[in-house]
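Novice: Note that this note's numbering has the sequence shown beginning at 28, numbered continuously upward.
C-beta: ideal position from N, C-alpha, C; glycine also.
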Amino acid sequence: MFEDVPETNRDEVRDHRSDEASNEAYDDESPEGRNWAILLTLFSVILVQLAGIALIVWAVF
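Laid out in structure tokens, this is it:
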């Protein structure tokens, strides 16, 4: 039932870049920029939540 299946090189499969997806974020040229974008997004979400809480507290008192 089982035939000889050739071994695949997982590094080649993982690092293979598809012709269809030409995404610049795929390149690991600037992971620092991606990290800063994530940090700024989290910071802005937290800031909006704090502003919402502050508005509720201001409206109640």
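CA-CA distance, S57 and W63?
Specialist: Stepping through the sequence shown from its first residue, residue 57 is reached at position 30. Stepping through the sequence shown from its first residue, residue 63 is reached at position 36. Cα-Cα distance, rounded: 10 Å.
Novice: If you follow the alpha helix (DSSP H) that S71 is part of, which residue opens it and which one closes it?
Specialist: The sequence position of residue 71 within the sequence shown is 44, counting from 1. Residues 58–87.
Novice: Rounded to the nearest angstrom, what separates A78 and I65 at their Cα positions?
Specialist: Stepping through the sequence shown from its first residue, residue 78 is reached at position 51. Stepping through the sequence shown from its first residue, residue 65 is reached at position 38. Their backbone Cα atoms lie some 20 Å apart in a straight line.
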